[in-house]
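Colleague:
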Amino acid sequence: MKYILTSFLLITAFLSAQTIDNKLALTVAKDGSGDFKTIQEAINNVKDNSVIRVVITIKPGIYTEKLVIPSTKTFITLKGSDRNKSVISFNDYSGKPLRETDTSGKTAFGTSTSYSFLIQANDCTLENLTVENTAGRVGQAVALHIKSDRVIVKNCNILGNQDTLYLSEGNVRTYFENCFINGTTDFIFGAATAYFIIAQSKV
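Going left to right, the sequence shown walks through residues -19 to -1, 1 to 184 as mature numbering (1 follows the signal peptide of the UniProt record, and there is no 0) numbers them.
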């Protein structure tokens, strides 16, 4: 009986301790009133290979970050307070010189690395956010790059000029509901299966 109780407590602790400081909800606020000032810090705080969802609430502000949810940070929800006020923004573009040569020897960004926000982890959700690439008319400049499966994007603005939304991988699925996606050439492109729903007003 003692062995069973100990095992139960260990399993319960594993399932409930999904962040480094054992929280299932985090808050990001630029003014310091939340748990973190940057979104990337909050993402990094989520334990690897989580099996219970962690909700990261993003208070109003423009978060100038080249943001990545790596493949080990599964089951994360990023939830803004207002899609027009919680903004993830960056300005890289294909051909823009890197500040330093990376380990592959490349000296400039390409289409796949020009993103403002990259999602590599499965089972992530975005709600009530704007994700934008502000580089302008300079060629390929991705706002949101999704490489993972079962990603849900709801009530979001995805803004850019060329190659705004990149769904690069085959054999993965992405769901968009009530989103505004803005761009020009190939502004939605890639090999993934994507399902789009636009909410209609009741008459």
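Idealized CB from N, CA, C, for every residue including glycine.
Computed from a predicted model, the values in this text were never measured in an experiment.
Checking 8 Å against the spacing of the C-beta atoms, do Leu79 and Ile37 come in under that value?
Modeller: In this structure, Ile37 does not lie closer than 8 Å to Leu79 by Cβ.
Colleague: Can you say whether Phe90 is buried or exposed, counting buried as having 16 or more other CB atoms within 10 angstroms of its CB?
Modeller: The residue is buried, with at least 16 neighbouring Cβ atoms inside 10 Å.
Colleague: Exposed or buried, which one is Phe168 when buried takes at least 16 other CB atoms within 10 Å?
Modeller: That one is buried.
Colleague: Residues in the same chain with beta-carbon distance under 7 Å from Asp63, minus the five sequence neighbours each way, listed in chain order, please.
Modeller: If we look at Asp63 and ignore the five residues flanking it on each side, its Cβ neighbours are Pro41, Asn109.
Colleague: Do Lys54 and Ile20 count as a contact pair if the criterion is CB distance below 8 Å?
Modeller: Cβ distance not < 8 Å, so Ile20 and Lys54 don't count as in contact.
Colleague: Do Ala180 and Leu148 have their C-beta atoms within less than 8 Å of each other?
Modeller: Contact flag unset, no.
Colleague: Does the Cβ-Cβ distance between Leu107 and Val134 come in under 8 Å?
Modeller: Their beta carbons are under 8 Å apart, which means Leu107 touches Val134 by this criterion.
Colleague: Relative to the C-alpha of Tyr74, which candidate in Val68, Gly61, Thr88 has its C-alpha closest?
Modeller: Closest option to Tyr74, Cα to Cα, is Thr88.
Colleague: Under the rule that 16 or more other beta-carbon atoms within 10 Å means buried, what is Thr155, buried or exposed?
Modeller: Burial call: buried.
Colleague: Which same chain residues, not among the five before or five after Asn138, have their C-beta less than 6 Å away from its C-beta?
Modeller: Once the five neighbours on either side are set aside, the close Cβ partners of Asn138 are Arg64, Thr111, Phe161.
Colleague: Sort out for me which residues DSSP pairs Ile69 with in a bridge.
Modeller: According to DSSP, Ile69 bridges with Tyr44, Val112.
Colleague: Which residue wins for smallest C-alpha separation from Thr145, given the options Ser93, Val153, Ile178, Tyr176?
Modeller: The shortest C-alpha separation from Thr145 is found at Ser93.
Colleague: Taking all protein chains shown into account, do 16 or more other C-beta atoms lie within 10 angstroms of the C-beta of Ser95, making it buried, or fewer, making it exposed?
Modeller: By the neighbour-count rule (16 or more Cβ atoms within 10 Å), Ser95 is buried.
Colleague: Return the CA-CA distance between Gly150 and Ser97, expressed in angstroms with no decimal places.
Modeller: Position check: residue 150 holds Glu in this sequence, whereas Gly was assumed. Taking the straight line joining both Cα atoms gives about 18 Å.
Colleague: Run through DSSP, which three-state label would Thr94 get?
Modeller: Here Thr94 sits in helix by DSSP.
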